[in-house]
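Trainee:
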Amino acid sequence: MAANEPENVVAFKTWLVQHGAHIHPDARFELAVHGFNVVAGNDVPPDATIVAIPFSLAITPELSKAALRVIFGGGESSGVDELGELSERELVCTYLCMHWIVDPSQSTTSLRHRAYIDTLPSPERLRTPLHFSAVELAAFRGSNLYGATGDRLHEWQAEWTQCRAIVAIANPFWGKAFTWDKYLTASTYLSSRAFPSTVLSESPSLVTTSSSYPVLLPGIDALNHARAHPVSWVVSSGSHSSESPSKEPYISLVIHTATPQGGELLNNYGPKPNSELILGYGFSLPNNPDDTIVLKIGGLAAASASASSSQTSSDGRWEVGRGARGAEPVWEAVLAAVSAQGDEEEDGGDEERASIMNQLRAAGVLDDMARSLHGRLPLFPPGDADSMRPDVLQMLMHYLEGQNDILVVLIAFAQEKEARALQLAHERGLDIIEEGEEEEEE
Numbered sequence: 348m349a350a351n352e353p354e355n356v357v358a359f360k361t362w363l364v365q366h367g368a369h370i371h372p373d374a375r376f377e378l379a380v381h382g383f384n385v386v387a388g389n390d391v392p393p394d395a396t397i398v399a400i401p402f403s404l405a406i407t408p409e410l411s412k413a414a415l416r417v418i419f420g421g422g423e424s425s426g427v428d429e430l431g432e433l434s435e436r437e438l439v440c441t442y443l444c445m446h447w448i449v450d451p452s453q454s455t456t457s458l459r460h461r462a463y464i465d466t467l468p469s470p471e472r473l474r475t476p477l478h479f480s481a482v483e484l485a486a487f488r489g490s491n492l493y494g495a496t497g498d499r500l501h502e503w504q505a506e507w508t509q510c511r512a513i514v515a516i517a518n519p520f521w522g523k524a525f526t527w528d529k530y531l532t533a534s535t536y537l538s539s540r541a542f543p544s545t546v547l548s549e550s551p552s553l554v555t556t557s558s559s560y561p562v563l564l565p566g567i568d569a570l571n572h573a574r575a576h577p578v579s580w581v582v583s584s585g586s587h588s589s590e591s592p593s594k595e596p597y598i599s600l601v602i603h604t605a606t607p608q609g610g611e612l613l614n615n616y617g618p619k620p621n622s623e624l625i626l627g628y629g630f631s632l633p634n635n636p637d638d639t640i641v642l643k644i645g646g647l648a649a650a651s652a653s654a655s656s657s658q659t660s661s662d663g664r665w666e667v668g669r670g671a672r673g674a675e676p677v678w679e680a681v682l683a684a685v686s687a688q689g690d691e692e693e694d695g696g697d698e699e700r701a702s703i704m705n706q707l708r709a710a711g712v713l714d715d716m717a718r719s720l721h722g723r724l725p726l727f728p729p730g731d732a733d734s735m736r737p738d739v740l741q742m743l744m745h746y747l748e749g750q751n752d753i754l755v756v757l758i759a760f761a762q763e764k765e766a767r768a769l770q771l772a773h774e775r776g777l778d779i780i781e782e783g784e785e786e787e788e789e
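The opening position of the sequence shown corresponds to residue 348 in the working numbering, with each subsequent residue numbered one higher.
#1: Exposed or buried, which one is residue 648 when buried takes at least 16 other CB atoms within 10 Å?
#2: Return the residue from the list 641, 482 and 629 that minimises the CA-CA distance to residue 735.
#3: How far does the beta strand (DSSP E) with residue 549 in it extend, from its first residue to its last?
#4: Taking the beta carbon of residue 523 as the centre, do at least 16 other beta carbons fall within 10 Å, making it buried, or is it exposed?
#5: Assign residue 377 to one of three DSSP states: helix, strand, or coil.
#6: Around the C-beta of residue 773, are 16 or more other C-beta atoms found within 10 angstroms, so that it is buried, or is it exposed?
#7: On the three-pair Cβ rule with 8 Å, is the segment 489-497 touching the segment 375-392?
#8: How is residue 525 classed by DSSP in three states: helix, strand or coil?
#9: Quick one: using the 10 Å Cβ neighbour count with 16 as the cut-off for buried, is residue 361 buried or exposed?
#10: Taking residue 475 as the reference, which of 441, 427, 518 and 540 has the closest Cα?
#11: Excluding the 5 residues preceding and the 5 following residue 408 in the sequence, name in chain order all residues of the same chain whose CB lies nearer than 7 Å to its CB.
#12: Are at least three pairs of beta-carbons, each pair with one atom in the segment 711-730 and one in the segment 753-771, less than 8 Å apart?
#13: Between the alpha carbons of residue 627 and residue 554, how many angstroms are there, rounded?
#14: Assess contact between the segment 513-533 and the segment 439-453, defined as three or more Cβ pairs (one per stretch) separated by less than 8 Å. Is contact present?
#15: If you measure between the beta carbons of residue 681 and residue 709, is that distance less than 9 Å?
#16: Checking the sheet assignment: what are the DSSP bridge partners for residue 396?
#17: Note down the Cα distance separating residue 351 from residue 461, rounded to an integer number of angstroms.
#18: To the nearest angstrom, how far is it from the Cα of residue 636 to the Cα of residue 725?
#19: In whole angstroms, give me the CA-to-CA distance for residue 660 and residue 666.
#20: Name the residue from 542, 672 and 501 whose alpha carbon lies nearest to the alpha carbon of residue 527.
#21: If you run the structure through DSSP and keep just helix, strand and coil, what is residue 614?
#22: I need the boundaries of the alpha helix (DSSP H) containing residue 384, first residue and last residue.
#23: Figure out for me which residue from 470, 612 and 521 has the closest Cα to the Cα of residue 600.
#24: Taking 6 Å as the limit between beta carbons, can you name the residues of its chain near residue 603, skipping five residues before and five after?
#25: When the Cα of residue 672 is compared with those of 749, 519 and 630, which residue comes out closest?
#26: In three-state DSSP terms, what is residue 672?
#27: Excluding five sequence neighbours on each side, which residues of the same chain lie with their C-beta closer than 7 Å to the C-beta of residue 657?
#28: Quick check: the Cα distance between residue 510 and residue 563, rounded to an integer number of angstroms?
#29: Please classify residue 359 as buried or exposed, where buried requires at least 16 other C-beta atoms within 10 Å of its C-beta.
#30: What three-state label does DSSP hand residue 412 in the structure shown?
#31: What span of residues does the beta strand (DSSP E) with residue 581 cover, start to end?
#32: In whole angstroms, what separates the C-alpha of residue 769 from that of residue 643?
#33: Look up residue 433 in the DSSP assignment and say whether it is helix, strand or coil.
#34: Would DSSP call residue 352 helix, strand or coil?
#35: Exposed or buried, what is residue 623 when buried is set at 16 or more other beta-carbons lying within 10 Å of its beta-carbon?
#36: DSSP three-state call for residue 360: helix, strand or coil?
If you want it as structure tokens, here you go:
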């Protein structure tokens, strides 16, 4: 362990090894603006295992619930029974918060992740939107991200209220100390550092499923993200530490490229758009090829295509990416909705003409939708740019670049659909009068 590392890092590394984990001897923690970067103290060869931890060191809902049961005690009014009402993320967040509330001398065995939590960024270093200033958040007004931030605030405050009430049953003093600021910090740690529970399996995966839940992996989650960085998650049996032999399964992070001395050791969180990176992690990538925009299509449009496409959810949300990626399923949904409405109207029995008219109407609907979203996007730079922190201003720039690019291409996509429909009408010798022309004739 490097002699010049901060005391909390030295204590954390010692704690890891004592509990059976392995951390590469050349992995060195350096203080950065938003916490720590993990850099190579010497050249690290390719295919090196950087961190390996036993499953038992992961912070899971099961571990959290078991620890809270011990802390709350077993009395009739202890709050233990109410723990069953909490979601997986609420259990983990409450477990994290209790490290800041309960006297360390009273919880050395139950709240066992204090050395890990002591290395996490302080609240003023966090940069997710719920940690923005009012001016910074207002700069995103009109975007989907602004609305998503409001939704997240509502959801997390509802969680906090429920968790605080249960903590207060166990101990009224703890309930008063269970503040919104603590819960927000814990929730941000979880959103920015958690991996899906699918990594803790024989075939580890970063794919979130309907049954997976967020887990924290101390040590592994210290590495920052680099898109498309070649890494592997490896599950094995047997201890990686001579100090704590064990046969339980381990999760390891292996980096497949060489890292020169002084270079940052990086993980790969998988493809994520800037909207997700900003909302959940507090950073963004320039010209992010994984950027998307969410379109909300209700009613018939959502129902008509939900069975034929995996890119929609039950609430009619669709994602479109750069280069019109995902635009075709959206087009099919809008066209199906317009066609369903057209079936109820008089079409004179001319099915071919009705089909082309439906395509023209659908192109207009999609064009209007994209233009409306584009018109609501905030301008860059914002008028209050001087009052924003540079890293937040950079996130805004990266985010708006992606949103603008996607919507401009989506507008062109809709116009191309319209042009194809008009061309088809011309080839069939059909006399198509568009709505604007009808109004002029009147």
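Idealized CB from N, CA, C, for every residue including glycine.
Mentor: Reading off the structure:
#1: Walking along the sequence shown from the start, residue 648 turns up at place 301. With a pLDDT of 47 at residue 648, under the threshold of 50, the modelled position of this residue cannot be trusted; read the value that follows with caution. By the Cβ neighbour-count rule, residue 648 is buried, with 16 or more other Cβ atoms within 10 Å of its own.
#2: Numbered from its first residue, the sequence shown carries residue 735 at position 388. Minimum Cα distance to residue 735 is reached at 482.
#3: Reading the sequence shown from its first residue, position 202 is the one you call residue 549. Taken as a continuous stretch (DSSP letters only), residue 549 belongs to no beta strand (DSSP E), as it is neither H nor E.
#4: Sequence index remark: in the sequence shown, residue 523 carries index 176 (1-based). Under this definition residue 523 is an exposed residue.
#5: The count along the sequence shown starts at 1 and reaches residue 377 at position 30. Note: residue 377 maps to strand in three-state DSSP.
#6: Residue numbering aside, residue 773 sits at position 426 when the sequence shown is read from its first letter. Here residue 773 is exposed, its C-beta having fewer than 16 other C-beta atoms within 10 Å.
#7: The answer is no - the segment 375-392 does not touch the segment 489-497, with fewer than three Cβ pairs under 8 Å.
#8: Translated into positions along the sequence shown, residue 525 becomes position 178. Note: residue 525 maps to coil in three-state DSSP.
#9: Locating residue 361 in the sequence shown gives position 14, counting from the first residue. Residue 361 is exposed by the Cβ-count criterion.
#10: In the sequence shown, the residue the question calls residue 475 occupies position 128. Checking every option, the nearest Cα to that of residue 475 belongs to 540.
#11: The residue given as residue 408 occupies position 61 in the sequence shown. 435, 438, 439 and 560.
#12: yes
#13: Residue mapping note: residue 627 aligns to position 280 of the sequence shown, counting from 1. Residue mapping note: residue 554 aligns to position 207 of the sequence shown, counting from 1. If I take the Cα positions, the gap works out to 16 Å.
#14: Yes, they touch.
#15: Translated into positions along the sequence shown, residue 681 becomes position 334. Translated into positions along the sequence shown, residue 709 becomes position 362. Taking C-beta atoms as the reference points, residue 681 and residue 709 count as a pair closer than 9 Å.
#16: Position 49 of the sequence shown holds residue 396. Residue 396 pairs with 601.
#17: As a first step, residue 351 is located in the sequence shown; it is residue number 4 there, counting from the start. As a first step, residue 461 is located in the sequence shown; it is residue number 114 there, counting from the start. Near 21 Å, if we compare the C-alpha coordinates of residue 461 and residue 351.
#18: The sequence position of residue 636 within the sequence shown is 289, counting from 1. The sequence position of residue 725 within the sequence shown is 378, counting from 1. Residue 636 and residue 725 have their C-alpha atoms some 21 Å from each other.
#19: For the purposes of this step, residue 660 is identified with residue 313 of the sequence shown, where counting begins at 1. For the purposes of this step, residue 666 is identified with residue 319 of the sequence shown, where counting begins at 1. Any reading at residue 660 must be qualified, since the residue scores a pLDDT of 48, below 50, and its modelled position is unreliable; no value is offered.
#20: If you number the sequence shown from 1, residue 527 lands on position 180. Among 542, 672 and 501, the Cα nearest to that of residue 527 belongs to 501.
#21: Your numbering for residue 614 matches position 267 in the sequence shown. Three-state DSSP puts residue 614 in a strand.
#22: Counting from one through the sequence shown, the residue named residue 384 turns up at place 37. It is not in any alpha helix (DSSP H) - residue 384 instead sits in the beta strand (DSSP E) that spans 382-387.
#23: For this step, residue 600 is matched to residue 253 along the sequence shown. Measuring from the Cα of residue 600, the nearest candidate turns out to be 612.
#24: What you label residue 603 is simply residue 256 of the sequence shown in a count that begins at 1. Excluding residues within five positions, the ones whose Cβ falls inside 6 Å are 393, 394 and 577.
#25: Residue numbering aside, residue 672 sits at position 325 when the sequence shown is read from its first letter. Cα-wise, what sits closest to residue 672 is 749.
#26: Indexing the sequence shown from 1 puts residue 672 at position 325. Coil at residue 672, not helix or strand.
#27: The residue you call residue 657 lines up with position 310 of the sequence shown. Because the pLDDT at residue 657 is just 43, under 50, the model does not fix this residue reliably, and the value given afterwards should be weighed accordingly. So the list is empty, once near-sequence residues are dropped.
#28: Here residue 510 is taken as the residue at index 163 of the sequence shown, counted from 1. Here residue 563 is taken as the residue at index 216 of the sequence shown, counted from 1. C-alpha separation (whole angstroms): 19 Å.
#29: Position 12 of the sequence shown holds residue 359. Classification for residue 359: buried.
#30: Along the sequence shown, read from residue 1 onward, the residue named residue 412 stands at position 65. Correct three-state label for residue 412: helix.
#31: By one-based count along the sequence shown, residue 581 stands at place 234. Where residue 581 is concerned, the enclosing beta strand (DSSP E) stretches over 578-584.
#32: Mapped onto the sequence shown, residue 769 falls at position 422. Mapped onto the sequence shown, residue 643 falls at position 296. Approximately 27 Å between the Cα atoms of the pair.
#33: In the sequence shown, the residue the question calls residue 433 occupies position 86. Note: residue 433 maps to coil in three-state DSSP.
#34: Locating residue 352 in the sequence shown gives position 5, counting from the first residue. Residue state, collapsed to three classes: coil.
#35: For the purposes of this step, residue 623 is identified with residue 276 of the sequence shown, where counting begins at 1. Looking at its Cβ environment, which holds 16 or more other Cβ atoms inside 10 Å, residue 623 is buried.
#36: Here residue 360 refers to the residue found at position 13 when the sequence shown is read from its first residue. If DSSP states are grouped into helix, strand and coil, residue 360 belongs with the helices.
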